[in-house]
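Student: Residue numbers (our numbering): 170 to 1384.
The structure's right below; bear with me while I get my questions together.
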């Protein structure tokens, strides 16, 4: 039975006379399919928020959908277009859900009314040339219009079969709705649009009355017309992530930000007032009294004693005082527990005064701890102890309920001093600007206030501790003791190894932790963004100092390891390699050999084929491992012997011509064939009833399949045949399982047959009832036959029963409602299962094992950091660390070996199958001998109680060694430049036409790794299973904003998460542009043939399907003397201020078209200031950048000024 709220809701929303109807979502879907006819076959119809349908189509569809309702609606005078709204998916059971649903459907009705007014105006005036898709395309641009279509389809607002004019209508209605229900949010839904004032003028010119969305202004007529009952717009719009740059051209955004700041200030003041009132109410239980003078004097005495500087005592007396004082404080803590008075153990309230002496002792101790902490520079601890002292003073003053004013003032003065000292010292130590210092003082003050109220907030207290850590790290000096190396060298090597980078790395960790804690604070999003910017400035200062110290050391290590560039492209690559190493150090606080190997493998400065001398003295990686350990003490971790040894051992196989021939023509094809066949054997063996004697991985089968794989890999005809076979198989499977039925239904003769009245009547009155009735009978029949063993034979009676059930469910209102609800629930559950259990589970597994391995390495590194010595530490700590460090080093190496080599390949499903599974089969015959050998070796050095469990664990995990070997060999294969043979042939052909100065073959242009998880540009922009971070982030942002509008509940934490994700993507593209193109242009400024003097890069502008990058070029200023000067003696004036020159702005746009990355350029400014030779160099760098972005270089058209015909040989990308 419907609730009164649901009935009132229908009365307020349903307006048949005005053409507004409520239908079930499935009924709306059937009406749309009836209207579209053949065009809707095979096209998914989402749950639209509304649908605008012509009157004639609505009445025709209603004839088959609900004839009873048609008999009533035909008597109404309907408008030309009717609005179909889907019924609420969740029941309206209380007032809160009623208010939410009414606001949601008000916004839907308003959007639908705008769409109807737009369509009526276009039909009446016939001005689609001014207000159609072409006009909108010309106004907002090609990329923004593509984004509009994508957003409307992703958010289930438009159908995929709609033309551009219908998409324009839906876009106009959605933009108007957003402007009034969430002012300022339009730019976050459509970030590619930056002409919002012009778009508002265009909408008003179309005939819509759209006053400025302000509470003092009047409402639009359509908004008043669609208002349900006495509903009103929310007093405060949903919060927006103002830290994102989208929508800055929206005129509503500044006003919304100002209103949000005022609302939060009012709410914050109200919250503190309520807290104070609550405290007053709690104190009103006791009569108001003044604090006795005697008690106030006791407070003063305790305050003075706690602030007194005490002389050092002997160790015996100190131990005695600590024991006695600790026992007294423990008893006092128990007495001072909150609520102890309410236990009924005393005859009168406030009996704590009998233990006042113990409480004063605790108060004195808190003041003393605060004093010592302030002297030691631990201001967060001082604030914490002062807060405890204030609480104790208030507790001891019951039943008065407040501490003496003098005590409160003294504690408040010390708190203010501690807050000021913490902010001032942080600003002085890290050289922060005055504005940043003021913001830091405000942040610390608010954190301290949050920590004092209501027992304190853990995030606020931890954030203060993190800031204290950042300050303390500025004064620490770290070092290591190398007793073993010092003893072996007989004192020739240093015993103490300074660690100059640990202080900065630990400060960075403290700032990162503080940034995470800040997001947990219950503040407005504006305050969180403002204080987050303060922490970002502090992090920038620490990072800058770290870069100044560590970049020269990285450059020295690279030079000593022979990572030396030979031409312009390699200089850019070497610079990028150095910065990528720095990125890893800043992110993980350390650098490992495997990190360096992975960076070298994707850089053009890969390893050349090793010489005979390098087999003995080590290649570039081995030399870098040695020099980096010396140049970066405490930061670089040398490679483990089993990783470096495997890399050196695989060098003859991967780094020599003979080894590559063996790998390519023998190991890869025939080894791959064995793995494929053996995997099939393992899968078939799991099937019940399978003949175990049948084995696919025989010698003959492996030989035949390996030869076929080798033919495909190394011959053009083989690759062509394999490609044709693959495309043919995919096309056949797609036709059979997906496209075949849709194409058959869309075939014109079949579509005309299905559209006839006879076929439709048969389907509606015979086929559909039979199918609907059979579905519930199938499980009943199966249970009766197989469980109860009741023989049921199909017959006419069973068909008649199915037909009766189907007719009852298909042709009655209650039955249709039941079927619609059932289909909706099944669809929702299937989507949840698909997203959560299938896609979500696989993504979670991939991320989990990657993060758990990284987290385990970070945990080991944290222990290493904890065992590092620093100046000023106590002798006991130094002695303990010196004794524990050698034992930990041995344990760490053992743990790292087991986890990396044996455990991780076993538990990681991506590495486990099929390599580890096949390893189990191969090791099975040798396990007895291996176990005996391990027991004999381990029993000779370890007791049996340790040796036997260790051997058992090793034997169980031993097959993981195969997974480790295969994955490590795969990574080692990428290290050598000659192994990237697919594009070497093209590079050789280019080198023949455009020789490189040193005569070497130019490396091929490969798409660069851009994302933090190894994604390329296309993987960031194109949607996919594990790709599409850019559009998916905007999808998530729109979902959060829509949920806030629908439920009217702000969620600043989720907004901050998606804002941080978008900021990271913006930073990723900025770093990619800066390192791949901007640095190349800066290097060109040194070339005498280039007239560039300086360049500046702008902030990237990202959108759903667009990345816009810009660079400002400052050419050299030339005087009139250039006209008479010779070509070899040009008179050039170099201006030290580049902003005074005539500039050229080069805008580069990366966008996705048909799953391919495209590059578009736009030039503004004084193009004539840059000569043709310089444009030729810029074009070469831009072409290389486009290739690194993943664009097709053959179809690339840069649109730059052409070089003159008389110039010499054009510069290739390699030059």
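No residue lacks a Cβ here, since even glycine has one placed at the ideal position from N, Cα and C.
Roughly how many whole angstroms lie between the Cα atoms of residue 587 and residue 1178?
Tutor: Within the chain shown, the letter at position 418 stands for residue 587. Within the chain shown, the letter at position 1009 stands for residue 1178. So the two alpha carbons sit approximately 47 Å from each other.
Student: With C-beta atoms as the reference, is residue 675 less than 9 Å away from residue 1252?
Tutor: On the chain shown, residue 675 is found 506 positions in, with the first residue counted as 1. On the chain shown, residue 1252 is found 1083 positions in, with the first residue counted as 1. The answer is no: Cβ separation not under 9 Å.
Student: For residue 897, which three-state DSSP category applies?
Tutor: Working through the chain shown from its first residue, we reach residue 897 at position 728. Helix.
Student: Could you tell me whether the stretch 753-767 touches the stretch 807-817, using the rule of 3 or more Cβ pairs below 8 Å?
Tutor: The stretch 753-767 is in contact with the stretch 807-817.
Student: Does the beta-carbon distance from residue 221 to residue 251 come in below 9 Å?
Tutor: If you number the chain shown from 1, residue 221 lands on position 52. If you number the chain shown from 1, residue 251 lands on position 82. Their beta carbons are under 9 Å apart, which means residue 221 touches residue 251 by this criterion.
Student: Going residue by residue through the stretch 857-890, where are the continuous alpha helix (DSSP H) segments of at least 4 residues, counting only ones entirely within it?
Tutor: As far as the stretch 857-890 is concerned, its whole alpha helix (DSSP H) runs of at least 4 residues are 868-883.
Student: Between 1268, 1187, 1236, which lies nearest to residue 1360 when the distance is taken from Cα to Cα?
Tutor: As a first step, residue 1360 is located in the chain shown; it is residue number 1191 there, counting from the start. The option with the nearest alpha carbon to residue 1360 is 1187.
Student: Quick check: residue 729 and residue 792, are their CB atoms within less than 9 Å of each other?
Tutor: The count along the chain shown starts at 1 and reaches residue 729 at position 560. The count along the chain shown starts at 1 and reaches residue 792 at position 623. Cβ atoms of residue 729 and residue 792: closer than 9 Å.
Student: Would you list the one or two residues that DSSP bridges to residue 834?
Tutor: Position 665 of the chain shown, counted from the first residue, corresponds to residue 834. DSSP, once it has assigned bridges, lists no residue as partnering residue 834.
Student: CB residue 1144 to CB residue 742, shorter than 9 Å?
Tutor: Residue numbering aside, residue 1144 sits at position 975 when the chain shown is read from its first letter. Residue numbering aside, residue 742 sits at position 573 when the chain shown is read from its first letter. Not closer than 9 Å, so no.
Student: Going straight from the alpha carbon of residue 1207 to that of residue 359, what length do you get?
Tutor: Taking the chain shown and counting its residues from 1, one reaches residue 1207 at position 1038. Taking the chain shown and counting its residues from 1, one reaches residue 359 at position 190. So the alpha carbons of these two residues sit roughly 10 Å apart.
Student: Assuming residue 476 and residue 540 make a contact with CB atoms under 8 Å, what is their CB distance in whole Å?
Tutor: Start at 1 with the first residue of the chain shown, and residue 476 comes out as number 307. Start at 1 with the first residue of the chain shown, and residue 540 comes out as number 371. With 8 Å as the limit, residue 476 and residue 540 qualify as a contact, their Cβ atoms being about 5 Å apart.
Student: Are residue 776 and residue 824 close, meaning C-beta to C-beta below 9 Å?
Tutor: Locating residue 776 in the chain shown gives position 607, where the first residue counts as 1. Locating residue 824 in the chain shown gives position 655, where the first residue counts as 1. Result yes, Cβ atoms of residue 776 and residue 824 sit closer than 9 Å.
Student: Is DSSP giving residue 1146 helix, strand or coil here?
Tutor: The residue you call residue 1146 lines up with position 977 of the chain shown. Three-state DSSP puts residue 1146 in a helix.
Student: From the DSSP output, in three-state form, read off residue 193 for me.
Tutor: Position 24 of the chain shown holds residue 193. Coil at residue 193, not helix or strand.
Student: Determine the closest residue to residue 286 out of 230, 191, 389, 184, with distance taken between C-alpha atoms.
Tutor: Taking the first residue of the chain shown as position 1, residue 286 is located at position 117. That would be 389, whose Cα lies nearest to the Cα of residue 286.
Student: To the nearest angstrom, how far is it from the Cα of residue 473 to the Cα of residue 643?
Tutor: Residue 473 sits at position 304 when you count from the first residue of the chain shown. Residue 643 sits at position 474 when you count from the first residue of the chain shown. The straight-line gap from Cα to Cα measures roughly 32 Å.
Student: Could you tell me if residue 1046 is buried or exposed, where buried requires 16 or more neighbouring beta carbons within 10 angstroms of its beta carbon?
Tutor: Residue mapping note: residue 1046 aligns to position 877 of the chain shown, counting from 1. Label assigned to residue 1046: exposed.
Student: In three-state terms, what does DSSP make of residue 1038?
Tutor: One-based indexing of the chain shown puts residue 1038 at position 869. Note: residue 1038 maps to strand in three-state DSSP.
Student: Decide if the stretch 605-613 is in contact with the stretch 581-597; the criterion is three or more beta carbon pairs, one per stretch, under 8 Å apart.
Tutor: Verdict: yes, contact present.
Student: Kindly identify the DSSP beta-bridge partner or partners of residue 1280.
Tutor: Indexing the chain shown from 1 puts residue 1280 at position 1111. Residue 1280 is bridged to 1266, 1315.
Student: Answer with buried or exposed for residue 174, where buried requires no fewer than 16 other C-beta atoms within 10 angstroms of its C-beta.
Tutor: Stepping through the chain shown from its first residue, residue 174 is reached at position 5. Counting Cβ neighbours within 10 Å, residue 174 comes out buried, since at least 16 surround it.
Student: Taking 9 Å as the cut-off, decide whether the C-beta atoms of residue 278 and residue 249 are in contact.
Tutor: Here residue 278 refers to the residue found at position 109 of the chain shown. Here residue 249 refers to the residue found at position 80 of the chain shown. Not a contact, by the Cβ cut-off of 9 Å.
Student: Would you kindly work out how many angstroms separate the C-alpha atoms of residue 968 and residue 941, rounded to a whole number?
Tutor: The residue labelled residue 968 in the question sits at position 799 within the chain shown. The residue labelled residue 941 in the question sits at position 772 within the chain shown. Whole-angstrom Cα-Cα distance: 12 Å.
Student: DSSP three-state label for residue 222, please.
Tutor: Here residue 222 refers to the residue found at position 53 when the chain shown is read from its first residue. Three-state result, residue 222: strand.
Student: According to DSSP, is residue 662 part of a helix, a strand, or is it coil?
Tutor: Your numbering for residue 662 matches position 493 in the chain shown. In this structure, residue 662 counts as coil in the three-state DSSP scheme.
Student: So, with DSSP's three-state summary, where would you put residue 651?
Tutor: Residue numbering aside, residue 651 sits at position 482 when the chain shown is read from its first letter. It is coil, neither helix nor strand.
Student: So is residue 1297 buried or exposed if we call it buried at 16+ other beta carbons inside 10 Å?
Tutor: The residue labelled residue 1297 in the question sits at position 1128 within the chain shown. Only weak support is given to the placement of residue 1297: the predicted model assigns it a pLDDT of 37, under 50, and the value that follows is read from those uncertain coordinates. Exposed: under 16 other Cβ atoms inside 10 Å.
Student: Tell me which residues share the same chain as residue 1151 and place their Cβ nearer than 6 Å to its Cβ, disregarding the 5 neighbours each side in the sequence.
Tutor: Along the chain shown, one-based indexing puts residue 1151 at 982. Low local confidence applies: a pLDDT of 48 at residue 1151 is under 50, so the model's placement there is unreliable, with the coordinate-based value given in what follows. Contacts found: none.
Student: In angstroms with no decimal places, state the Cα-to-Cα distance between residue 351 and residue 407.
Tutor: Indexing the chain shown from 1 puts residue 351 at position 182. Indexing the chain shown from 1 puts residue 407 at position 238. The straight-line gap from Cα to Cα measures roughly 6 Å.
Student: Could you give the C-beta distance for residue 1284 and residue 1338, rounded to a whole number, given that I count them as a contact under 8 Å?
Tutor: Sequence index remark: in the chain shown, residue 1284 carries index 1115 (1-based). Sequence index remark: in the chain shown, residue 1338 carries index 1169 (1-based). Their Cβ separation, rounded to whole angstroms, is 4 Å, which keeps residue 1284 and residue 1338 in contact under 8 Å.
Student: Report yes if the CB atom of residue 826 is closer than 9 Å to the CB atom of residue 778, and no otherwise.
Tutor: Position 657 of the chain shown holds residue 826. Position 609 of the chain shown holds residue 778. In this structure, residue 778 lies closer than 9 Å to residue 826 by Cβ.
Student: If you follow the beta strand (DSSP E) that residue 1333 is part of, which residue opens it and which one closes it?
Tutor: Walking along the chain shown from the start, residue 1333 turns up at place 1164. Looking at the DSSP string, the run of the beta strand (DSSP E) that includes residue 1333 is 1325-1334.
Student: Check the DSSP bridge columns for residue 1322 and list the partner residues they point to.
Tutor: Along the chain shown, one-based indexing puts residue 1322 at 1153. Residue 1322 is bridged to 1325.
Student: Can you tell me where the alpha helix (DSSP H) holding residue 1083 begins and where it ends?
Tutor: Walking along the chain shown from the start, residue 1083 turns up at place 914. Careful: residue 1083 lies outside any alpha helix (DSSP H) and carries neither H nor E.
Student: Between the alpha carbons of residue 187 and residue 247, how many angstroms are there, rounded?
Tutor: Start at 1 with the first residue of the chain shown, and residue 187 comes out as number 18. Start at 1 with the first residue of the chain shown, and residue 247 comes out as number 78. Cα-Cα distance, rounded: 7 Å.
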